[in-house]
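Numbering (the working numbering), first residue to last: 320 to 447.
Note that CB positions come from ideal geometry on N, CA and C, so glycine has one too.
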């Protein structure tokens with residue numbers, strides 16, 4: 320994850336600097352730095368359940384609400400650290416801090432297995 324984010328940061332920095340878009344550059348660098356310390360929930364959920372993306376919009380929203388409740392409970396006052404908005408997105412999304420990744424994964428395996436038992440297909444995956 321870190322190597323990919325670093326490479327992407329370098330490419331974006333180079334391209335944006337050439338066009339002189341300093342404000343956009345600073346914003347993207349901040350998002351990428353944040354991404355190095357936090358795993359996006361969609362990546363973790365797909366790692367646990369490869370069929371997550373094809374789920375209905377309603378099902379994905381329900382999962383996201385469950386993730387929000389989990390993160391609020393676990394993070395308390397620091398919950399906002401888990402929220403971010405990707406450029407061009409209409410809504411924010413959540414990320415899981417590296418130090419919480421194992422606990423989040425355990426919770427997600429249990430919850431996804433309970434809600435979608437026929438779709439759970441644990442990968443050897445990145446997020447263990």
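- Using a Cβ-Cβ distance cut-off of 8 Å, the segment 384-402 and the segment 412-422 are in contact, since at least three pairs of beta carbons, one from each stretch, lie closer than that value.
- Residue 433 counts as exposed, since fewer than 16 other C-beta atoms from the protein chains shown sit within 10 angstroms of its C-beta.
- Take the alpha-carbon of residue 399 and the one of residue 370: they are about 28 Å apart.
- In the DSSP annotation of this structure, the continuous segment of the beta strand (DSSP E) that includes residue 414 starts and ends at 412-416.
- The beta carbon of residue 359 is closer than 7 Å to those of 412 and 414 in its chain, skipping five residues each way along the sequence.
- With respect to the 8 Å criterion, residue 368 and residue 423 are not classified as neighbours on the basis of their beta carbons.
- One thing to note: residue 363 has its Cβ no nearer than 8 Å to the Cβ of residue 408.
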